[in-house]
Amino acid sequence: MVFFDSTGFGFVVVDGKKHGDLLVVGGRVVERELDVVKREFGTSHAVRESEVALLYKGKPEFILVGNGQDGVLEVDERFFEAAKRVGAQVTVLPTPKAILEFNLLSRNRRVNALIHVTC
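First residue of the sequence shown? That's 1 in this note's numbering, and the numbers climb one at a time after it.
Now the structure itself:
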């Protein structure tokens, strides 16, 4: 089970290990390919279509998006449209709140997440 220990600008600590931006899918940590995101969008404050698809694998009940320490990551309608198709609930929170919510929900629910660790 994935457990978030802490976060700060530019990092998140998961099970004692420091990471950058990541996805949690089916209980696994997957590093985001920020170089690809930046090439595609010109910023790291966006989400690729392939990331959205990955977040909905395994029929999660909840998708949590940590949209950064200051809430800058943009979450567009694709998240909410996909949620309707699979019956998942999407919650977007600043990353410090999102990791706390993840730790609570994931105790007894299927939760996937996208965690952005900068702005």
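No residue lacks a Cβ here, since even glycine has one placed at the ideal position from N, Cα and C. Since the model is a prediction, treat every value here as computed from it, not as a measurement.
Inside the segment 37 to 110, DSSP marks whole alpha helix (DSSP H) runs of 4 or more residues at positions 49 to 55, 77 to 86, 95 to 105, from first to last along the chain.
DSSP links G8 through a beta bridge to F11. Per the DSSP secondary-structure output, R28 pairs in a beta bridge with V25. With at least 16 other beta carbons inside 10 angstroms of its own, L22 counts as buried. N112 counts as buried, since at least 16 other C-beta atoms from the protein chains shown sit within 10 angstroms of its C-beta. The C-beta distance from L114 to V47 rounds to 7 Å, short enough to fall under 8 Å. Taking C-beta atoms under 8 Å as the contact rule, K18 and F9 fail to qualify, at a distance of about 13 Å. Excluding five sequence positions before and after F80, the CB atoms of its chain that fall closer than 7 Å to its own CB belong to V90, given in chain order.
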